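Q: Chains as they are written, first to last, in the numbering used here: chain G, 551 to 1064; chain V, -15 to 255; chain Y, 12 to 554.
Shown below is the structure under consideration.
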């Protein structure tokens, strides 16, 4: 039996493209239209992985053995209630319905609660807390933007359809696609003669007095054209930079200085230096002019800002630049959120607690402080003594020192496949692929909620992560109720937290971290 | 004097804002022992986690903490009078919102030490963490007054949104020193990492060591032979004086010792 | 007098032998409060929450065995919002600003606000489909599209914010009068307002258009406000009001600049006293460190440019709306803020008919909703007004008309401006009163109306309004002695507006849809999944 499902939402990146056409045969996706290569890799192939977890496991004598769901739930609930200070981490590849239960569980436990944004765009959220943010939904940019700046990100590889759906290569009501220009540019490149002529002419028109930079090309004349233009700032020439009208090569870790300098230039102030971050100030001046002259400009930034030196301060200044530009024209700025529902995790946490990530419930009310309650910081200080990881793989992405501390204490994982962290778990739950086997809500990078679809049935006996969490929550409540009645009868003695002794896994960690 | 020592090595964070001279004042020992704190998610009494003794013959300091308090947060939070001595490391938020009195740490201190403090004195005879004397997330009113001295080094983002008071650092300072500061003084005896004084609009930062890199948004003003740190003390120069952050139309001043900052010679052509 | 309740409704009588009896003698009994305008949920509100950890940290709420934890202050988390409303005896709240594209988000949040019934108003005043049809003169098609949108977003009314201004803001501009042309669309704000009012009548909507005027927050804007009300005179058919101007305090400024800022309350009140086609709510300033948020993006930017603010958020929504957020501290010692406070009360006291105006703070813009009892006190007690006025900026004191106003609201009038009037304006027939057939939403306050001179002893009365002795929601006691004792979820009301023929959803429409939005047509509407406890209200339209 073959069926075609339209308007399917892609559960990969923050773009949440919702125009996929999926062909399903015998409960298996066999074909997919409109999606990018990354989408195809997951939706047609990846989710069928042989590495799929099909039943719950518990580590017994150092080895993971299959157990019943009840046993796994009981064990997980016991670990979490016994722990003095557990950490619940992950959430960004789960539906917002699941995240919703997660907050309730954390509150019930009095635990720390953090999501993956603390290792991606958490700094962007922190920056908005310092200075606010002028932003817009992606369609607004599609309809109106005549200047698109990608800063420290490479959507061509990380968000493959971003350019084609939302920015330079899409037709909007007031601005048309730049794709034709791009094709012409390619053609021009193909012809040596034309290139030579173009370069010659360009040089004739531009003032030769301009100082030359060894690493950065001078702004091309095409930046003055009407219609859409795209500028890429990055530390290396990426595919996105290839299609841009202008690529500016930035010295690593100097974005902050460049934003500062550009702000001065936009505000008509003089600088005492000749170059900033490897870019001659005269070039920056021209770029600032292009920005001021735009009808509607948009800056998208990526992890190159949030995870390089300065982190949220970099973003803060990107926002400050955008704000300054709004005094002269219209400008918006937007983070290129990664996981398909990382924005949702921030959103759901915020409406229930007031805070988007880095939460702690140990006081009975929500506390927030990145640096204090963010997962890596907690783990590196060895503050928590049990961890639950859901829909994330810190095993592959956390620093060694954090993972080593995580492995000293019990670890519960909820993931669809045997990724690095599942293999390290003490209680390992199987779960459904959200957006493929499980419906739910996800928030696009511009915080528009979109409903994920269920297109195939999950393997038998594999529950949703929401169900697992609800059952753990219920069990935790039962255990707590029993404890209180017991404590009323006889006061319990303090027990030192159990350190885990696991030889083979510790070797694993080393391999992971190195 | 109340003496407090940990009963065990803490494996999870302990929040103990009640360890404060104000809170203890006038309370009998038994009552102090019953004060509520949290260890991780568990709510316990002070007595559960610490050995507490009282020596009525000594008046100052009011509280002496001895041992490893690096996981104990919020010691002396919001204290108005009195004195606390910590013989060991102190945790995060030590002396947060201090409104008077004195806290001495004979060891290192965690992040947000002296955050949003208004008055009083904090002495740290070791290093201090990130965000020392800086306000909570999203808050743009920082330390308003008082003095913090640090014998060792400090982390990043120290003295953000500073509105008054003095921060003296005998060691080196991390990135974003005096970020967005409005007033007050920061004095660093050794080196300073990048982006010092970024977005500052007032106040002064004096650096006796080398500045790793000055923000391009500062403009040279003059060379001065010396600069005042407080009413009693001057720093001996000559100093390059930079004005900024001009992106914020600020008039803050960075004093960089000429002898240790040869890289700034280029700026002299604008004088 | 006894009030009998059965199955969540007020009935003639019940069998007293097996009924639970609450002795409310010596107490004040009112219908549950109905708030006509309070930003409690949605993308904008949540963005406001997200950027203000500094605001939350000073107001934390602990978890209890029954209630969830959370934070305040100016934008409380969802659960806390429900608890605090209920503690004031409120049982119904309108969430007045929902971008259609972000409706799912708003509903997800509303599901997490317990204890109150709620509904949302969709921002439709700058929606491209509507603008194009109004410009074309095809109001019937416009009405059908709006019916589709109201249903598709599960909403309750048409919200119009700075008509034409939001579209202009797409390129960083604004409109400054009713007759400025909206760029690229060949129409004026006047066309939008009158067109939408006509559409609203065609659709037989229970509420009128809910209008946030042009030039809001600009000195001298009372003229625009009167122009707006005049423009709607032509649509009035003489039976019921056809427009509601919301937070009118922010649209009643006189003077030509901030330096010469003064009150335009008298002019507005005189107009309203002479006409019957409008209702208004106030948007009272309560002097708090709050967070302003509105779909009026250009206004928020102008406010930011006045200086003194550390954060500014702008959030445009493609083809529909914009939005802005700024943390704002209203201070008594600031002349403009104090005059704004005075304007709100001047309007409240000078508009004679309490059925024409309603009490709001435009939460969180003028102040958080849990400051309502303070506003009540200023209404029912001249003494309370004077006490606050004395602490205000001297210049503002001189300019204020309050010393000339003797009026003190009675408890009856207070009940009108907080429940009966709002329920009537919203077309909620079973709310806002305690007659037979009404929903059993009741609030009981510890105020003895017979023995208390509320104007003189305003402080304990104010306290009683903030701490209901009982709140009853659908017949269930949810608050007792200001403590939450039950947490039912509350319903989400939405309109199923049935037009005679549905709007044309053909290939042409779908193509246009794909061009205008970045979401597929199929994925756009809010499905039943997003509403935990729905209350569908079916409306037959006359087109």
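Glycine residues also receive a C-beta, built at the ideal position from the N, C-alpha and C atoms.
Only a predicted model underlies this, so the values are computations on that prediction, with no experimental measurement involved.
(1) Does residue 62/Y have its Cβ less than 8 Å from a Cβ in chain V?
(2) Is there a Cβ from chain G that is less than 8 Å from the Cβ of residue 58/V?
(3) Output the boundary residues of the alpha helix (DSSP H) element that contains residue 555/Y.
(4) Can you give the beta carbon distance from residue 605/G to residue 1011/G, rounded, assuming they're within the 8 Å contact cut?
(5) Does residue 873/G come out as helix, strand or coil in the three-state DSSP assignment?
(6) List, in order along the chain, the chain Y residues whose C-beta lies closer than 7 Å to that of residue 901/G?
(7) Considering only DSSP beta bridges, list what residue 450/Y is partnered with.
(8) Give me, in chain order, the residues of the same chain whose beta-carbon lies closer than 7 Å to that of residue 987/G; leave out the 5 immediate sequence neighbours on both sides.
(9) According to DSSP, is residue 758/G helix, strand or coil?
(10) If you check the beta carbons only, do residue 57/Y and residue 900/G fall under 8 Å apart?
(11) Residues of chain G with CB under 8 Å from residue 69/Y, in chain order?
(12) Residue 657/G touches chain A at which residues, Cβ-Cβ below 7 Å?
(13) Look at residue 304/Y and residue 93/Y and say whether their C-beta atoms are less than 8 Å apart.
(14) Residue 218/Y by DSSP, collapsed to three states: which one?
(15) Below 6 Å CB to CB, which residues in the same chain sit around residue 297/V once its five sequence neighbours on both sides are set aside?
(16) By how many angstroms is the C-alpha of residue 565/G removed from the C-alpha of residue 932/G?
(17) Measure the beta-carbon distance from residue 129/V to residue 103/V and round it to whole angstroms, keeping in mind my assumption that it falls under 8 Å.
(18) Would you mind working out which of 378/Y, 374/Y, 141/Y and 431/Y sits nearest residue 524/Y, comparing C-alpha positions?
(19) Can you find a C-beta in chain G that's less than 8 Å from the C-beta of residue 321/Y?
(20) One question on the structure: do residue 550/Y and residue 503/Y come within less than 8 Å of each other, judged by their Cβ atoms?
(21) Does the pairing of the region 730 to 741 of chain G with the region 877 to 886 of chain G give three or more beta-carbon distances under 8 Å?
(22) Three-state secondary structure (DSSP) at residue 161/Y?
(23) Closer than 7 Å between beta carbons: that is the criterion. Which residues of the region 111 to 142 of chain V meet it against chain Y?
(24) Below 8 Å on the Cβ atoms is my contact criterion, and I expect residue 252/Y with residue 225/Y to pass it. Report the Cβ-Cβ distance as a whole number of Å.
(25) Can you give me the C-alpha to C-alpha distance between residue -11/V and residue 23/V, rounded to a whole angstrom?
(26) Taking the alpha carbon of residue 700/G as the point to measure from, which residue in 806/G, 679/G, 783/G and 795/G has its own alpha carbon closest?
(27) Could you tell me which residues DSSP puts in a beta bridge with residue 105/V?
(28) Excluding five sequence neighbours on each side, which residues of the same chain lie with their C-beta closer than 6 Å to the C-beta of residue 159/V?
(29) Give the range of the beta strand (DSSP E) segment to which residue 63/V is assigned.
(30) Using the Cα positions of residue 374/Y and residue 294/Y, report the straight-line distance between them to the nearest angstrom.
(31) Since residue 916/G and residue 81/Y should fall inside the 8 Å C-beta cutoff, what is the C-beta to C-beta distance between them, to a whole number of angstroms?
(32) For residue 324/Y, which residues in chain G fall below 8 Å Cβ to Cβ?
(33) Should residue 875/G and residue 816/G be called a contact, given that it needs their Cβ atoms to be closer than 8 Å?
(34) Tell me the residue span of the alpha helix (DSSP H) that contains residue 579/G.
(35) Leaving aside the five residues before and after residue 800/G along the sequence, list all residues of the same chain whose C-beta is less than 6 Å from its C-beta, in chain order.
(36) Mind the definition here: the region 639 to 654 of chain G touches the region 976 to 995 of chain G only if three or more C-beta pairs lie below 8 Å; say whether that holds.
A: Inspection of the coordinates gives the following:
(1) Counting from one through the third chain, the residue named residue 62/Y turns up at place 51. It does: the Cβ of residue 62/Y has a partner Cβ on chain V nearer than 8 Å.
(2) For this step, residue 58/V is matched to residue 74 along the second chain. It does not; no Cβ of chain G falls within 8 Å.
(3) There is simply no residue 555/Y to check, as chain Y begins at 12 and stops at 554 in what is shown.
(4) Locating residue 605/G in the first chain gives position 55, counting from the first residue. Locating residue 1011/G in the first chain gives position 461, counting from the first residue. Between residue 1011/G and residue 605/G the Cβ distance is about 7 Å, and since that is below 8 Å, they are a contact.
(5) In the first chain, the residue the question calls residue 873/G occupies position 323. Residue state, collapsed to three classes: helix.
(6) Taking the first residue of the first chain as 1, we reach residue 901/G at position 351. Per Cβ cutoff of 7 Å: 57, 60, 88, 89, 120 and 123.
(7) Position 439 of the third chain, counting from 1, holds the residue named residue 450/Y. DSSP, once it has assigned bridges, lists 20/Y as partnering residue 450/Y.
(8) Counting from 1 along the first chain, the entry for residue 987/G is found at position 437. The answer, listed in chain order, is 1004, 1006, 1007 and 1008.
(9) Sequence index remark: in the first chain, residue 758/G carries index 208 (1-based). Any reading at residue 758/G needs caution, since the residue's pLDDT is 47, under 50, leaving its predicted position unreliable; the model's value is listed next. Correct three-state label for residue 758/G: coil.
(10) By one-based count along the third chain, residue 57/Y stands at place 46. By one-based count along the first chain, residue 900/G stands at place 350. Yes, the pair counts as a contact, with Cβ atoms nearer than the cut-off.
(11) Position 58 of the third chain, counted from the start, is the residue given in the question as residue 69/Y. Here the premise fails: no neighbours, minimum Cβ distance about 11 Å.
(12) Any reference to chain A falls outside this structure, whose protein chains are G, V and Y.
(13) Taking the first residue of the third chain as position 1, residue 304/Y is located at position 293. Taking the first residue of the third chain as position 1, residue 93/Y is located at position 82. 8 Å or more divides the Cβ of residue 304/Y from the Cβ of residue 93/Y.
(14) Residue 218/Y sits at position 207 when you count from the first residue of the third chain. In this structure, residue 218/Y counts as coil in the three-state DSSP scheme.
(15) Since the first and last residues shown for chain V are -15 and 255, residue 297/V lies out of range.
(16) Here residue 932/G corresponds to residue number 382 of the first chain, with the count starting at 1. Here residue 565/G corresponds to residue number 15 of the first chain, with the count starting at 1. Going from the Cα of residue 932/G to the Cα of residue 565/G covers about 36 Å.
(17) Counting from 1 along the second chain, the entry for residue 129/V is found at position 145. Counting from 1 along the second chain, the entry for residue 103/V is found at position 119. 5 Å between Cβ atoms; contact.
(18) Your numbering for residue 524/Y matches position 513 in the third chain. Each of 378/Y, 374/Y, 141/Y and 431/Y was checked against the Cα of residue 524/Y, and the nearest Cα belongs to 141/Y.
(19) Within the third chain, numbered from 1, the residue matching residue 321/Y stands at position 310. Residue 321/Y has a beta carbon lying within less than 8 Å of a beta carbon in chain G.
(20) Residue numbering aside, residue 550/Y sits at position 539 when the third chain is read from its first letter. Residue numbering aside, residue 503/Y sits at position 492 when the third chain is read from its first letter. Residue 503/Y is positioned such that its CB atom lies no closer than 8 Å to that of residue 550/Y.
(21) Pairwise C-beta distances place the region 730 to 741 of chain G out of contact with the region 877 to 886 of chain G, as fewer than three of them are shorter than 8 Å.
(22) Mapped onto the third chain, residue 161/Y falls at position 150. Looking at residue 161/Y - three-state DSSP - the assignment turns out to be helix.
(23) Cβ contacts with chain Y come from 120, 121, 122, 123 and 124.
(24) On the third chain, residue 252/Y is found 241 positions in, with the first residue counted as 1. On the third chain, residue 225/Y is found 214 positions in, with the first residue counted as 1. Contact between residue 252/Y and residue 225/Y is ruled out by a C-beta separation of about 20 Å, above the 8 Å threshold.
(25) In the second chain, counting from the first residue as 1, residue -11/V sits at position 5. In the second chain, counting from the first residue as 1, residue 23/V sits at position 39. Whole-angstrom Cα-Cα distance: 15 Å.
(26) As a working mapping, residue 700/G is identified with position 150 in the first chain. Closest in C-alpha terms to residue 700/G, from the list 806/G, 679/G, 783/G and 795/G, comes 783/G.
(27) Here residue 105/V corresponds to residue number 121 of the second chain, with the count starting at 1. Residue 105/V pairs with 86/V and 131/V.
(28) What you label residue 159/V is simply residue 175 of the second chain in a count that begins at 1. In the same chain as residue 159/V, and ignoring 5 residues on each side of it, the C-beta atoms closer than 6 Å to its own belong to 140, 177, 178 and 179, in chain order.
(29) For the purposes of this step, residue 63/V is taken as the residue at position 79 of the second chain. No beta strand (DSSP E) contains residue 63/V, which DSSP labels as neither H nor E.
(30) Along the third chain, one-based indexing puts residue 374/Y at 363. Along the third chain, one-based indexing puts residue 294/Y at 283. One C-alpha to the other measures close to 8 Å.
(31) Position 366 of the first chain, counted from the start, is the residue given in the question as residue 916/G. Position 70 of the third chain, counted from the start, is the residue given in the question as residue 81/Y. Confirmed, Cβ separation roughly 7 Å.
(32) As a position in the third chain, residue 324/Y is number 313, starting the count at 1. Listed along chain G are 678, 682, 683, 684 and 685, each with a C-beta nearer than 8 Å to that of residue 324/Y.
(33) Residue mapping note: residue 875/G aligns to position 325 of the first chain, counting from 1. Residue mapping note: residue 816/G aligns to position 266 of the first chain, counting from 1. In contact: residue 875/G and residue 816/G (Cβ atoms closer than 8 Å).
(34) Translated into positions along the first chain, residue 579/G becomes position 29. That residue, residue 579/G, is in no alpha helix (DSSP H); its beta strand (DSSP E) goes 578 to 583.
(35) Residue mapping note: residue 800/G aligns to position 250 of the first chain, counting from 1. Sequence-distant Cβ neighbours of residue 800/G in its own chain, meaning closer than 6 Å and more than five residues away, are 783, 785 and 827.
(36) Yes, the region 639 to 654 of chain G touches the region 976 to 995 of chain G.
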